[in-house]
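Below is one structure; the comments refer to it alone.
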Ligand code: C5P
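In UniProt numbering, the protein residues as written are 183 to 405.
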């Protein structure tokens with residue numbers, strides 16, 4: 183039997199992309215396989231946590247030992263997360279679409295010869311991480327991700343304050359890195375305490391180490 187340092191802890195995890203409908207057959211989305219978020223949910227559960235995973239549309243299986251809710255849009259994800267509060271920790275890994283169309287069409291938008299493409303009016307989606315980070319039922323520990331292609335650490339530092347997060351896991355998702363959809367990741371752990379660079383490793387190992395770090399941080403807080 184492995185030790186269960188997270189027994190009795192309730193942890194919310196978001197994972198995967200969100201899909202924002204344009205019409206019944208088309209949508210806007212970020213690229214996200216859900217691999218890293220699902221692996222984190224599974225690793226937290228192995229340490230004994232009561233994990234609630236809110237997943238956008240992915241093709242991978244629900245992680246074992248994790249209570250998984252499936253949603254499509256950012257607003258559905260936000261509502262699901264808010265209903266799951268209070269929690270001891272929240273780990274927001276989902277690649278939420280920043281924008282959605284103001285009104286999605288009820289019928290498929292027809293391609294009409296000579297009319298050209300439709301103009302999509304976009305509006306901002308809610309920032310789920312910032313909402314949780316500034317919530318009156320804020321979890322003890324709030325962890326976010328920063329997938330960037332440039333100025334990775336600077337952007338992650340700025341995100342700590344803006345999002346009300348304790349830890350930002352920064353990863354470089356430049357196309358040449360192969361992180362997107364791949365099985366490996368190289369992250370930096372950015373917090374008030376400073377920056378910790380982790381070597382490149384499998385997404386499962388990143389999950390394992392992050393779960394360990396979360397257990398350590400929560401240990402200093404009374405159940
Ligand atoms: O601002 P940016 O999208 O880079 O922030 C990334 C972090 O914020 C991730 O942890 C992501 O899950 C979270 N996020 C969110 N809701 C949004 C946008 C990002 O929860 N609408």
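Yeah, the Cβ is synthetic: ideal placement off N, Cα and C, and Gly gets one too.
In angstroms with no decimal places, state the Cα-to-Cα distance between residue i and residue j.
i	j	result
residue 368	residue 240	22 Å
residue 228	residue 385	16 Å
residue 283	residue 313	21 Å
residue 217	residue 296	43 Å
residue 225	residue 299	45 Å
residue 231	residue 346	23 Å
residue 127	residue 200	Past the boundaries of the shown model lies residue 127; the chain is included only from 183 to 405, so the question cannot be answered.
residue 207	residue 220	27 Å
residue 339	residue 233	27 Å
residue 267	residue 238	18 Å
residue 351	residue 301	36 Å
Does residue i come out as helix, strand or coil in the three-state DSSP assignment?
i	result
residue 257	helix
residue 202	strand
residue 289	coil
residue 323	strand
residue 272	strand
residue 189	coil
residue 294	coil
residue 279	coil
residue 195	strand
residue 305	strand
Quiz item: Is it a yes or a no for the stretch 250 to 258 touching the stretch 267 to 274, going by three-plus beta-carbon pairs under 8 Å?
Solution: Counting Cβ pairs under 8 Å, fewer than three are found: no touch.
Quiz item: Could you give the uninterrupted runs of the alpha helix (DSSP H) lying entirely in the stretch 328 to 405, keeping only those of 4 residues or more?
Solution: If you keep only unbroken alpha helix (DSSP H) runs of at least 4 residues inside the stretch 328 to 405, you get 334 to 345 and 385 to 401.
Self-check item: In chain order, each alpha helix (DSSP H) run of at least 4 residues that lies wholly inside the stretch 211 to 268
Solution: Listed in chain order, the complete alpha helix (DSSP H) runs (minimum 4 residues) inside the stretch 211 to 268 are 217 to 228 and 256 to 266.
Quiz item: Taking contact to mean at least 3 C-beta pairs separated by less than 8 Å, is the stretch 261 to 268 in contact with the stretch 285 to 296?
Solution: Contact fails: fewer than three Cβ-Cβ distances are below 8 Å.
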